[in-house]
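Asks:
Residue numbers (the numbering used here): 444 to 548.
Right under this line is the structure:
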(Lines of atoms letter the chains of each structure in order from A and count residues from 1; the text may use other names and numbers.)
(Lines give C-alpha, C1' and ligand atoms only; values in the text may rest on other atoms or scores of the structure.)
Protein backbone atom coordinates (compact mmCIF):
# COMPACT_ATOMS: atom_id res chain seq x y z
CA UNK A 1 0.00 0.00 0.00
CA UNK A 2 1.27 3.46 -0.86
CA UNK A 3 2.40 5.80 1.88
CA UNK A 4 2.35 9.21 0.21
CA UNK A 5 4.68 11.88 1.58
CA UNK A 6 4.40 15.49 0.44
CA UNK A 7 7.77 16.88 -0.61
CA UNK A 8 6.84 20.37 -1.79
CA UNK A 9 3.88 22.64 -2.56
CA UNK A 10 4.33 25.79 -4.66
CA UNK A 11 0.99 27.37 -5.57
CA UNK A 12 -0.58 24.95 -8.08
CA UNK A 13 2.33 22.48 -8.06
CA UNK A 14 2.17 19.75 -5.42
CA UNK A 15 4.87 17.08 -5.46
CA UNK A 16 4.83 13.95 -3.37
CA UNK A 17 6.20 10.42 -3.42
CA UNK A 18 5.40 6.97 -2.11
CA UNK A 19 7.84 5.81 0.53
CA UNK A 20 7.24 2.17 -0.44
CA UNK A 21 7.24 1.98 -4.25
CA UNK A 22 9.20 5.27 -4.68
CA UNK A 23 6.75 6.61 -7.29
CA UNK A 24 7.00 10.38 -7.65
CA UNK A 25 3.75 12.31 -8.15
CA UNK A 26 3.32 15.76 -9.65
CA UNK A 27 -0.14 17.20 -9.08
CA UNK A 28 -0.76 20.37 -11.09
CA UNK A 29 -4.31 21.69 -11.46
CA UNK A 30 -6.20 18.83 -13.09
CA UNK A 31 -3.05 16.85 -14.02
CA UNK A 32 -1.43 14.07 -12.06
CA UNK A 33 1.84 12.73 -13.43
CA UNK A 34 3.52 9.58 -12.09
CA UNK A 35 7.25 9.03 -12.44
CA UNK A 36 9.89 6.57 -11.38
CA UNK A 37 12.65 8.43 -9.51
CA UNK A 38 14.83 8.25 -12.64
CA UNK A 39 12.09 9.58 -14.91
CA UNK A 40 11.38 12.37 -12.42
CA UNK A 41 15.02 13.45 -12.62
CA UNK A 42 14.89 13.36 -16.43
CA UNK A 43 11.69 15.45 -16.53
CA UNK A 44 13.26 17.89 -14.03
CA UNK A 45 16.34 18.18 -16.26
CA UNK A 46 14.18 18.85 -19.33
CA UNK A 47 12.16 21.55 -17.55
CA UNK A 48 15.25 23.24 -16.12
CA UNK A 49 16.76 23.50 -19.60
CA UNK A 50 13.69 25.32 -20.92
CA UNK A 51 13.68 29.09 -20.71
CA UNK A 52 10.22 30.63 -20.90
CA UNK A 53 11.19 33.58 -23.12
CA UNK A 54 12.94 31.29 -25.62
CA UNK A 55 9.96 29.06 -26.33
CA UNK A 56 6.73 30.75 -25.26
CA UNK A 57 3.81 31.13 -27.64
CA UNK A 58 0.82 33.44 -27.57
CA UNK A 59 -2.30 31.31 -27.06
CA UNK A 60 -5.76 32.21 -28.41
CA UNK A 61 -6.80 33.53 -24.99
CA UNK A 62 -4.02 36.15 -25.16
CA UNK A 63 -1.83 34.43 -22.55
CA UNK A 64 1.77 33.45 -23.26
CA UNK A 65 2.54 29.84 -22.43
CA UNK A 66 5.33 27.36 -22.97
CA UNK A 67 4.61 23.92 -24.39
CA UNK A 68 6.29 20.92 -22.77
CA UNK A 69 6.06 17.74 -24.79
CA UNK A 70 5.42 14.49 -22.94
CA UNK A 71 7.07 11.21 -23.92
CA UNK A 72 3.74 10.23 -25.47
CA UNK A 73 3.60 12.17 -28.75
CA UNK A 74 -0.11 12.84 -28.39
CA UNK A 75 0.19 14.70 -25.07
CA UNK A 76 1.72 18.10 -24.35
CA UNK A 77 1.51 20.32 -21.29
CA UNK A 78 1.25 24.10 -21.31
CA UNK A 79 2.38 26.42 -18.54
CA UNK A 80 2.31 30.17 -18.02
CA UNK A 81 5.56 31.80 -16.87
CA UNK A 82 4.49 31.65 -13.21
CA UNK A 83 3.33 28.05 -13.44
CA UNK A 84 6.57 26.96 -15.10
CA UNK A 85 8.73 28.74 -12.53
CA UNK A 86 6.68 27.29 -9.65
CA UNK A 87 6.93 23.80 -11.12
CA UNK A 88 10.69 24.07 -11.65
CA UNK A 89 11.21 25.33 -8.09
CA UNK A 90 8.93 22.64 -6.65
CA UNK A 91 10.74 19.89 -8.54
CA UNK A 92 14.15 21.13 -7.39
CA UNK A 93 12.99 21.41 -3.78
CA UNK A 94 11.31 18.00 -3.93
CA UNK A 95 14.47 16.40 -5.27
CA UNK A 96 16.41 17.78 -2.30
CA UNK A 97 13.72 16.86 0.24
CA UNK A 98 13.63 13.29 -1.04
CA UNK A 99 17.41 13.10 -0.54
CA UNK A 100 17.03 14.46 3.01
CA UNK A 101 14.41 11.81 3.82
CA UNK A 102 16.70 9.13 2.36
CA UNK A 103 19.56 10.29 4.61
CA UNK A 104 17.50 10.19 7.81
CA UNK A 105 15.93 6.81 7.01
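All C-beta atoms, glycine included, are put in the ideal place defined by N, C-alpha and C. Values in this document were obtained by computation on a predicted structure and should not be read as measured data.
Using 8 Å as the threshold, is the stretch 458 to 468 in touch with the stretch 501 to 509, meaning 3 or more CB pairs across them?
Replies: Touching, no.
Asks: Take the Cβ of residue 548 as the centre, count every other Cβ of all protein chains shown within 10 Å, and call the residue buried at 16 or more, exposed below.
Replies: Answer is exposed; the Cβ neighbour count stays below 16.
Asks: So, for residue 445: in the same chain, excluding its five sequence neighbours on each side, which residues have a beta-carbon less than 7 Å away from its beta-carbon?
Replies: 461, 463 and 464
Asks: Tell me the residue span of the beta strand (DSSP E) that contains residue 455.
Replies: For residue 455, there is no enclosing beta strand (DSSP E), since its DSSP letter is neither H nor E.
Asks: With burial defined as no fewer than 16 other Cβ atoms inside 10 Å of the residue's Cβ, what is the status of residue 544: buried or exposed?
Replies: Per the 10 Å Cβ criterion, exposed.
Asks: By the three-class DSSP mapping on this structure, what secondary structure does residue 489 have?
Replies: helix
Asks: Counting C-beta neighbours from all protein chains within 10 Å, is the total for residue 486 16 or more, i.e. buried, or is it exposed?
Replies: buried
Asks: Which value, in whole angstroms, describes the spacing of the CA atoms of residue 471 and residue 459?
Replies: 11 Å
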